[in-house]
Amino acid sequence: MDDNKDQTQLNTPVDDVDQVKKLEEKISELENNWKRALADYKNLERRTAEEKQEFAEFSNMLLLQRLLPVVDNLEMLKKHIGDTGLIMIIKEFKQVLEDNGAVSLESHNKDFDASTMDCVETVDCEVNSDGKVVEVISEGYKFRNKILRPAKVRVGKAK
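The end of the sequence shown is residue 159 by this note's numbering, with every number in the run present.
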């Protein structure tokens, strides 16, 4: 009788093969799950880094927008006081803006462009200046291809 018990408890080669296949499938499933989890984690890291970069750029953009009126006030003051110290401060201030990504939009004598300029007034002019910027009231700036502030300009209109 004991011999029968021993024989039934022993696995047959077919049972061993089935068990090995099941274990291999389980290993494969776990490996796939692990690879998916690793890929998800790498994507999360990438997205987090991108979001941090976007937040930093957005913060810089907001700060630069708040500094532009200060530059305008200094420029107006320069028109009334031609002090060399003031001129140097303005130059340094503009350099700081540029170093932080704010680029001045060149507008004077350019064709009016509504995407980068606000026309505050049209003035009579010669035919060759029709539709061109004849005076820049305040400079426009862009930050990484986004307009921080459009230039405020006077545009010529042929008589």
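Built from N, CA and C at the ideal position, the CB exists for glycine as well. Quick caveat, the model's predicted, so the values are computed rather than measured.
Give me the Cβ distance between residue i and residue j, rounded to the nearest whole Å; I'm assuming they're in contact under 8 Å.
i	j	result
residue 120	residue 71	So it is not a contact: roughly 18 Å between Cβ atoms.
residue 105	residue 142	6 Å
residue 100	residue 43	Contact doesn't hold; Cβ gap of about 30 Å is too wide.
Is the distance from the Cβ of residue i to the Cβ of residue j below 8 Å?
i	j	result
residue 63	residue 97	no
residue 156	residue 103	no
residue 65	residue 149	yes
residue 107	residue 140	yes
Starting from the Cα of residue i, find the closest Cα among the options and give me that residue.
i	options	result
residue 151	83, 79, 77 and 115	115
residue 75	144, 136, 158 and 19	136
residue 113	147, 84, 126 and 31	147
residue 177	55, 69 and 21	A query on residue 177 cannot be resolved here, the shown segment of the chain reaching from 1 to 159 and no further.
residue 73	125, 57, 56 and 94	94
So, is residue i buried or exposed, given that buried needs 16 or more other C-beta atoms within 10 angstroms?
i	result
residue 1	The pLDDT assigned to residue 1 is 49, lower than 50, so where the model puts this residue is not dependable, and the model offers no usable value.
residue 133	buried
residue 117	buried
Any heavy atom of the ligand NAP inside 7 Å of the beta-carbon of residue i?
i	result
residue 50	Here there are no bound small molecules, and the ligand NAP is not part of this structure.
Mind the definition here: the region 89-103 touches the region 117-131 only if three or more C-beta pairs lie below 8 Å; say whether that holds. At 8 Å Cβ cutoff, the stretches do not touch.
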